[in-house]
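What follows is a set of notes on a single structure, which appears directly below.
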């Protein structure tokens, strides 16, 4: 594993958002949802494609707090322009489990 400097880490904006809607993304190459994530007044709502279909239904995702990278460049994913990267971890079966706070945190709060 290579190491990074503190300055490298501080450039990554990991922020808390709330999923306000999740819908199937049939055009994705691998099973995925289109997420609309609210990051509060300053950043607003951003869209993301997320491969969470193995462990979550759209109804289970709606209202959940998530950790996302908000300062990556936008990325075209099929017909969707993804505006943030929702974070997660692969389990032993390769399914993605969300990275989430274990207590309520204000929307848009940055990880430090």
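Residue numbers (full-length UniProt numbering): 1 to 112. Beta carbons: idealized from backbone N, C-alpha and C, even for Gly. What you are looking at is a predicted structure, and each value in this text was computed from that prediction instead of being measured.
Alpha-carbon to alpha-carbon, residue 41 and residue 48: Approximately 18 Å between the Cα atoms of the pair.
Three-state secondary structure assigned by DSSP to residue 191: No information on residue 191 is available, as it lies outside the stretch 1 to 112 that the chain covers here.
Burial state of residue 89, where buried means 16 or more other Cβ atoms lie within 10 Å: Counting Cβ neighbours within 10 Å, residue 89 comes out exposed, since fewer than 16 surround it.
Assigned secondary structure, residue 106 (DSSP; H/G/I helix, E/B strand, else coil): Residue state, collapsed to three classes: coil.
Where residue 75 falls, given that 16 or more other Cβ within 10 Å makes a residue buried: Exposed.
For residue 29, the three-state DSSP class (helix, strand or coil): Reduced to three states, the DSSP call for residue 29 is coil.
Burial state of residue 57 (16 or more Cβ within 10 Å): It is exposed - the Cβ of residue 57 has fewer than 16 other Cβ atoms within 10 Å.
Host beta strand (DSSP E) of residue 58 (start-end): Residue 58: not part of any beta strand (DSSP E); member of the alpha helix (DSSP H) spanning 58 to 61, first to last residue.
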